[in-house]
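Colleague: The structure that follows is given in the form of structure tokens.
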Amino acid sequence: MRAAKERLLHAHCDGVDYTFVRANRLTSICFGGPLEREVTGLAHGPRRLHAIGCLSASVIPALSRPYISSFPLIYGMCFDGCEMKYRLVPNGPVEVVHMSTTRSLDDWPYRDFPALLPFVPLALATATPRSYADFAKRFPNMPDRPEGQLVVCVTPPATVGVSLWGSGDYEGVTIVFDCDLTTATVHAYNVTT
């Protein structure tokens, strides 16, 4: 029996539940990889923010907006308890407008955490009509209602060659991106059981 491909990104937008798996070719959607946009706004460091993934309008129609050619999912993996907001500047940088902590730690989430997550091209596995409430049931402690129109959840991957949280992977820590597409603002945080 052949194992199913691991679902690396989960998204909900306009009543549709999207899941993404490893692709066998380069695509405009990915997990990890380099953070190619300049990051401006609130000073933070010394470690850099991580590119957790990238989405595109080729699969999620609501991303077809003049200011969005790609939709980066960015998170402060090395910032303990990171909760942040950033804004996508039209044809420009990512502007960090809020971070719960602006000082990264050398040993968070664990010692020698990589500067880049492995680049994994993704393909759409499913696009299923589903309410947000039913989508949210799959993840721990999700809000009853999202702030924005697009919600993306990233659970600890088992097949990309890196642990996101060390022992926290077993606690089901999920990174959430709550995206207001009208203002191009993303609220990124994590939830756990």
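Residue numbers (my numbering): 604 to 796. Glycine included, C-beta positions come from ideal geometry on N, C-alpha and C.
Runs of 3 residues minimum, wholly inside the stretch 672-729: which ones carry the beta strand (DSSP E) assignment?
Modeller: Within the stretch 672-729, the complete beta strand (DSSP E) runs of at least 3 residues are 674-678, 687-691 and 697-702.
Colleague: Determine whether the beta carbon atoms of C633 and L725 lie at a separation below 7 Å.
Modeller: Position 30 of the sequence shown, counted from the start, is the residue given in the question as residue 633. Position 122 of the sequence shown, counted from the start, is the residue given in the question as residue 725. Contact flag set, yes.
Colleague: Quick one, are the C-beta atoms of F682 and S707 less than 7 Å apart?
Modeller: Numbered from 1 along the sequence shown, position 79 holds the residue referred to as residue 682. Numbered from 1 along the sequence shown, position 104 holds the residue referred to as residue 707. Yes, these two residues count as a Cβ contact at 7 Å.
Colleague: Can you list the beta strand (DSSP E) stretches of 3 or more residues lying completely in the stretch 621-658, in chain order?
Modeller: Within the stretch 621-658, the complete beta strand (DSSP E) runs of at least 3 residues are 633-636, 642-644 and 653-658.
Colleague: Ordered along the chain, which non-local residues of its own chain (more than five positions away) have a Cβ less than 6 Å from that of F780?
Modeller: Numbered from 1 along the sequence shown, position 177 holds the residue referred to as residue 780. Same-chain partners within the cutoff: L676, V755, V789 and A791.
Colleague: Could you pull out every residue in the same chain whose Cβ sits closer than 6 Å to the Cβ of V763, ignoring the five residues on either side in sequence?
Modeller: Taking the sequence shown and counting its residues from 1, the one referred to as residue 763 is at position 160. If we look at V763 and ignore the five residues flanking it on each side, its Cβ neighbours are P721 and V723.
Colleague: Is N744 near the ligand PLP, judged by its Cβ being under 6 Å from some heavy atom?
Modeller: Only the bare structure without any ligand can be found here, which leaves the ligand PLP out of the picture.
Colleague: With distances taken Cα to Cα, identify the nearest neighbour of V662 among N793, D772, R733 and A728.
Modeller: Position 59 of the sequence shown, counting from 1, holds the residue named residue 662. It is A728 whose Cα lies nearest to the Cα of V662.
Colleague: Indicate whether Y678 and I778 have their beta-carbon atoms separated by less than 7 Å.
Modeller: Locating residue 678 in the sequence shown gives position 75, counting from the first residue. Locating residue 778 in the sequence shown gives position 175, counting from the first residue. A contact, by the Cβ cut-off of 7 Å.
Colleague: To the nearest whole angstrom, what separates the beta carbons of P743 and T795, a pair I think is in contact under 8 Å?
Modeller: Within the sequence shown, numbered from 1, the residue matching residue 743 stands at position 140. Within the sequence shown, numbered from 1, the residue matching residue 795 stands at position 192. Between T795 and P743 the Cβ distance is about 6 Å, and since that is below 8 Å, they are a contact.
Colleague: Let me check one thing: in DSSP terms, what residues is F780 bridge-paired to?
Modeller: The sequence position of residue 780 within the sequence shown is 177, counting from 1. Bridge partners of F780: V755 and A791.
Colleague: With a threshold of 16 other CB atoms inside 10 Å of the CB of K740, please say whether the residue is buried or exposed.
Modeller: What you label residue 740 is simply residue 137 of the sequence shown in a count that begins at 1. Classification of K740: exposed, given that the 10 Å Cβ count is below 16.
Colleague: What's the C-alpha gap between G635 and R651?
Modeller: Counting from 1 along the sequence shown, the entry for residue 635 is found at position 32. Counting from 1 along the sequence shown, the entry for residue 651 is found at position 48. So the two alpha carbons sit approximately 14 Å from each other.
Colleague: Going straight from the alpha carbon of G644 to that of A736, what length do you get?
Modeller: For the purposes of this step, residue 644 is identified with residue 41 of the sequence shown, where counting begins at 1. For the purposes of this step, residue 736 is identified with residue 133 of the sequence shown, where counting begins at 1. Whole-angstrom Cα-Cα distance: 34 Å.
Colleague: Does DSSP put L767 in a helix, in a strand, or in coil?
Modeller: Your numbering for residue 767 matches position 164 in the sequence shown. Reduced to three states, the DSSP call for L767 is coil.
Colleague: When DSSP labels each residue in this structure, what does P664 get in the three-state scheme?
Modeller: Here residue 664 refers to the residue found at position 61 of the sequence shown. Three-state result, P664: helix.
Colleague: Compute the distance between the beta-carbons of H701 and M687, then report whether it is under 7 Å.
Modeller: Residue mapping note: residue 701 aligns to position 98 of the sequence shown, counting from 1. Residue mapping note: residue 687 aligns to position 84 of the sequence shown, counting from 1. In contact: H701 and M687 (Cβ atoms closer than 7 Å).
Colleague: Relative to the C-alpha of L629, which candidate in G684, L666 and C657 has its C-alpha closest?
Modeller: For this step, residue 629 is matched to residue 26 along the sequence shown. Of the listed residues, the one whose Cα sits closest to L629 is C657.
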